[in-house]
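See structure below.
Number of protein chains: 2
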Amino acid sequence: MPRANDRDGRERLIEAAAQELWANGYAATSPADIQRVARAGQGSMYHHFAGKAELARAAIERLARDLDQELATALDSEGPGLDRVLAYLERERDPLRGCRVGRLTADPDVIGQDLLRAPITDTLGRLQTRLAGALADAQQAGELDPSLDCAAIAATVAAVVQGGYVLARAEQDPAAFHQAIKGACSLLAIAAVTPTNRRPKR
Amino acid sequence: MPRANDRDGRERLIEAAAQELWANGYAATSPADIQRVARAGQGSMYHHFAGKAELARAAIERLARDLDQELATALDSEGPGLDRVLAYLERERDPLRGCRVGRLTADPDVIGQDLLRAPITDTLGRLQTRLAGALADAQQAGELDPSLDCAAIAATVAAVVQGGYVLARAEQDPAAFHQAIKGACSLLAIAAVTPTNRRPKR
DNA sequence: GTCTATACCTAGATAGAC
DNA sequence: GTCTATCTAGGTATAGAC
Numbered sequence: 002m003p004r005a006n007d008r009d010g011r012e013r014l015i016e017a018a019a020q021e022l023w024a025n026g027y028a029a030t031s032p033a034d035i036q037r038v039a040r041a042g043q044g045s046m047y048h049h050f051a052g053k054a055e056l057a058r059a060a061i062e063r064l065a066r067d068l069d070q071e072l073a074t075a076l077d078s079e080g081p082g083l084d085r086v087l088a089y090l091e092r093e094r095d096p097l098r099g100c101r102v103g104r105l106t107a108d109p110d111v112i113g114q115d116l117l118r119a120p121i122t123d124t125l126g127r128l129q130t131r132l133a134g135a136l137a138d139a140q141q142a143g144e145l146d147p148s149l150d151c152a153a154i155a156a157t158v159a160a161v162v163q164g165g166y167v168l169a170r171a172e173q174d175p176a177a178f179h180q181a182i183k184g185a186c187s188l189l190a191i192a193a194v195t196p197t198n199r200r201p202k203r
Numbered sequence: 002m003p004r005a006n007d008r009d010g011r012e013r014l015i016e017a018a019a020q021e022l023w024a025n026g027y028a029a030t031s032p033a034d035i036q037r038v039a040r041a042g043q044g045s046m047y048h049h050f051a052g053k054a055e056l057a058r059a060a061i062e063r064l065a066r067d068l069d070q071e072l073a074t075a076l077d078s079e080g081p082g083l084d085r086v087l088a089y090l091e092r093e094r095d096p097l098r099g100c101r102v103g104r105l106t107a108d109p110d111v112i113g114q115d116l117l118r119a120p121i122t123d124t125l126g127r128l129q130t131r132l133a134g135a136l137a138d139a140q141q142a143g144e145l146d147p148s149l150d151c152a153a154i155a156a157t158v159a160a161v162v163q164g165g166y167v168l169a170r171a172e173q174d175p176a177a178f179h180q181a182i183k184g185a186c187s188l189l190a191i192a193a194v195t196p197t198n199r200r201p202k203r
């Protein structure tokens with residue numbers, strides 16, 4: 002029975018693979034890298050997993066599950082819908098590290114294998130569903146312009162975060178990420194204070 | 002002197018490398034791949050370039066220059082500032098293919114070598130400068146809420162596009178990209194129609 | 001400039017001992 | 001379960017002929 006601070010080899014391999022995938026992506030991560038980080042040998046890895054792809058699958062599911070749980074905590078909380086969306090945008094992050102889930106979409110080997118891509122599709126899909134729900138709450142409460150398409154705004158909000166990582170990595174400067182977030186918040190603020198009956202009914 | 006339709010080996014190598022980098026990224030692109038696409042041998046490639054990194058450098062500069070020129074045409078045109086920003090957002094793209102420049106930020110080998118990263122930094126930086134300029138024009142013309150920080154909104158707009166690619170690739174569906182764009186356009190539309198004197202001067 | 005041959009290393013995986 | 005040895009293919013680069 003595995004203990005928290007003395008995990009068995011299988012668990013160490015999954016966590017090492019997750020860490021390497023986050024840092025380097027799939028193509029640039031080799032089984033040897035993972036074994037070194039996990040302090041496990043070849044035999045151990047190939048005993049627990051059929052190969053690189055299967056270990057990556059477990060690691061991606063882990064990364065996706067962890068992020069999904071964090072987002073559930075952040076977004077399904079109590080409080081006004083708009084506050085939840087803004088809190089998501091302003092969540093503490095390490096911009097230069099990139100999104101542990103979104104960054105894998107750059108890897109053709111990941112995108113091309115349904116088993117590897119599915120956790121990514123799910124997590125980013127659930128994120129957008131949560132955001133859209135919070136935005137709908139905001140509209141219900143009269144906090145947000147009711148003419149807006151919640152699903153579209155949710156996609157925009159998720160995209161700003163994913164794209165913010167891209168800009169920050171391109172400039173090697175976290176400020177680029179924060180700029181993009183700031184702009185998104187200010188646009189939402191305007192959509193929030195706009196009178197709901199700005200447009201005539203016909 | 003090279004002709005357009007019978008380019009020399011060097012040119013074919015650069016274009017093949019650019020194509021492979023766009024499709025697969027740096028780590029997953031091998032010299033052999035490039036040679037096959039370029040219909041060039043080992044000797045040819047190593048005659049023209051010192052190695053994979055140098056060829057990639059030429060290819061990334063090519064990709065970045067081409068995109069930069071396209072964006073200059075699209076964004077430095079005549080016309081109202083806000084129209085130019087919306088035209089940029091609605092530019093025709095292949096969402097599943099990803100951004101030829103932005104996608105390279107996922108590659109640690111690219112981000113980690115200044116010579117490979119510089120064209121990416123430049124092109125995305127110039128994009129944001131152009132967007133900020135168009136937004137400032139819009140503010141000058143009274144088309145856009147003057148309380149907005151143009152640089153921040155420019156970063157947001159650029160991020161929505163980059164992130165839209167991520168979402169589309171995650172879902173393997175171009176609709177995800179278009180949703181994110183649609184939301185951004187509708188937020189800008191609200192910021193556009195908001196009266197400029199909504200906030201009292203003091 | 002381009003070709004072929006060669007070299008060395010790593011990726012990825014298997015086999016069998018313990 | 002983990003270890004070591006081994007294997008094949010491919011990545012990356014060099015050498016020298018043409």
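Protein sequence lines correspond, in order, to chains A and B.
For what it's worth, the numbering used here labels the leading residue of the first sequence as 2, then goes sequentially.
For what it's worth, the numbering used here labels the leading residue of the second sequence as 2, then goes sequentially.
The beta carbon of each residue, even a glycine, is placed where N, CA and C say it ideally should be.
TODO: Indicate whether at least one CB of chain A lies closer than 7 Å to the CB of Val38/B.
DONE: no
Open item on the list: Please tell me whether Ile121/B has its Cβ less than 7 Å away from any Cβ of chain A.
Closed with: yes
Task: Cut-off 7 Å between Cβ atoms - residues of its own chain near Pro32/A, not counting five sequence neighbours on either side - done: Met46, Lys53
Task: When Thr122/A, Ala190/A, Gln70/A, Arg131/A are compared against Asp174/B, the one with the closest alpha-carbon - done: Thr122/A
- [ ] Compute the Euclidean distance between the alpha carbons of Arg1/B and Arg40/B, then round it to the nearest angstrom.
- [x] The requested residue 1/B is not part of the displayed model; chain B covers only 2 to 203.
TODO: Inspect the CB distances between the segment 177-191 of chain A and the segment 76-92 of chain A and report whether three or more fall short of 8 Å.
DONE: yes
- [ ] Report the option in Asp34/A, Leu128/A, Thr157/A whose CA atom is closest to the CA atom of Ala75/A.
- [x] Leu128/A
Open item on the list: So the candidates are Ser78/A, Pro96/A, Arg37/A, Val102/A; which of them puts its Cα closest to the Cα of Glu172/A?
Closed with: Pro96/A
TODO: Answer with buried or exposed for Gln163/A, where buried requires no fewer than 16 other C-beta atoms within 10 angstroms of its C-beta.
DONE: buried
Task: From Ala28/B, Glu16/B, Ala19/B, residue whose alpha carbon lies closest to that of Val111/B - done: Ala28/B
Open item on the list: Between Thr30/A and chain B, is the shortest Cβ-Cβ distance under 7 Å, so that the two count as touching?
Closed with: no
- [ ] Report the option in Gln140/B, Glu12/B, Leu168/B, Asp146/B whose CA atom is closest to the CA atom of His48/B.
- [x] Glu12/B
Open item on the list: Can you tell me whether Gln163/A is helix, strand or coil according to DSSP?
Closed with: helix
TODO: Reducing DSSP to helix, strand and coil, say where Thr197/A ends up.
DONE: Unreliable placement is indicated for Thr197/A, whose pLDDT of 45 sits below 50; no coordinate value is reported for it.
Task: Residue environment, Thr130/B, which counts as buried when at least 16 other CB atoms sit within 10 Å - done: exposed
Open item on the list: Would Leu168/B and Ala153/A be called neighbours here (beta carbons separated by less than 7 Å)?
Closed with: no
- [ ] Report the neighbours of Asp84/B on chain A: residues whose CB is nearer than 8 Å to its CB, in chain order.
- [x] Correct list: empty, because the minimum Cβ distance to chain A is about 18 Å.
- [ ] Compare the C-beta of Glu62/A with all C-beta atoms of chain B and state if any pair is closer than 7 Å.
- [x] no
- [ ] Tell me whether Leu83/B counts as near the ligand ATP, meaning its Cβ is closer than 6 Å to at least one heavy atom of that ligand.
- [x] Although the ligand ATP was asked about, the structure shown includes no ligands whatsoever.
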